[in-house]
């Protein structure tokens, strides 16, 4: 069920991006909210080093994000969620969902459009 929800959410975000409803302004606003709600670190999985890496990712220019950055955000979200469950910190579990959603927004609203532009350029050159 969780995978079905992820696929549906990504499809919905793709439609919103195609209709120019999901723009860089919305993505930046959500990213800033995710950064503002950054939880305090714990000791086992969500360490100070992991938090620092996350802050670096959240501070990137929107157009500089790569798929590797999105994957790194998802890995950090997994660590935060695991820490939350093991330490009984609901705030960490909830934050992990926000971070995963942001990663999906960046993938759909920033990276996919860049890939489409590259494909159009490639198709133009090949013709």
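In our numbering, the protein residues as written are 26 to 152. Yeah, the Cβ is synthetic: ideal placement off N, Cα and C, and Gly gets one too.
Residue j beta carbon less than 8 Å from that of residue i
i: residue 87; j: residue 101; result: no
Three-state secondary structure assigned by DSSP to residue i
i: residue 65; result: coil
i: residue 116; result: helix
i: residue 103; result: helix
i: residue 94; result: helix
i: residue 85; result: coil
i: residue 71; result: coil
Supposed contact pair residue j and residue i - C-beta distance, whole angstroms, cut 8 Å
i: residue 82; j: residue 97; result: 6 Å
i: residue 104; j: residue 71; result: 6 Å
i: residue 56; j: residue 127; result: 6 Å
i: residue 124; j: residue 59; result: 6 Å
i: residue 34; j: residue 129; result: 7 Å
key: Given 8 Å, three or more beta-carbon pairs between the segment 60 to 75 and the segment 38 to 46   = no
query = So, do the segment 105 to 123 and the segment 87 to 97 have three or more beta carbon pairs nearer to each other than 8 Å?
reply = no
4 or more residues per run - each alpha helix (DSSP H) lying fully within the segment 28 to 61 = 49 to 61
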